[in-house]
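In our numbering, the protein residues as written are 225 to 327. Note that CB positions come from ideal geometry on N, CA and C, so glycine has one too. Only one structure is covered here, and it is reproduced in the block below.
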Amino acid sequence: MVITSSEKFNLLSLIKSLDENEREKVLDFLYKLKGIPIKKMPVLGYVKAREPLIINPENEPIKYLELPYEETKNAEYSLIVKSDSMKEKGILENEYILLNEKL
């Protein structure tokens, strides 16, 4: 099945309109439907631009994200962006960033 650019745009718009729990369920369903391998990514904390990043690797993750393995194969963990401190880079508040640095 081939998805047109218009259909892809409409699907992404629909997914973005859902709340976080609904979005995770829909994406999980789509990944399973397409047979996309998933990686469970720990979310270890929050980050603001221009502030020191301190993460205690002993802490339990806040939550886990289930993301396509191909997009996350080099990432070790994720952080949630707080404030609009990174919007000039196209990263908005409450979005996740993936990091591959060892803790």
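Span separating the alpha-carbon of residue i from that of residue j
i	j	result
Ile-304	Ile-315	10 Å
Asp-308	Glu-275	13 Å
Gly-259	Asn-283	32 Å
Glu-319	Ser-229	24 Å
Leu-235	Phe-253	14 Å
Lys-249	Ile-239	10 Å
Reduced DSSP category for residue i - H, G, I as helix; E, B as strand; rest coil
i	result
Leu-291	strand
Leu-277	coil
Ser-229	helix
Leu-268	strand
Burial state of residue i, where buried means 16 or more other Cβ atoms lie within 10 Å
i	result
Tyr-301	buried
Val-226	exposed
Leu-277	exposed
Closest by C-alpha distance to residue i, when choosing among the options
i	options	result
Thr-296	Asn-324, Glu-319 and Glu-312	Asn-324
Tyr-293	Pro-261, Leu-257, Ser-237 and Ile-239	Pro-261
Tyr-288	Lys-256, Lys-313, Glu-244 and Glu-312	Glu-244
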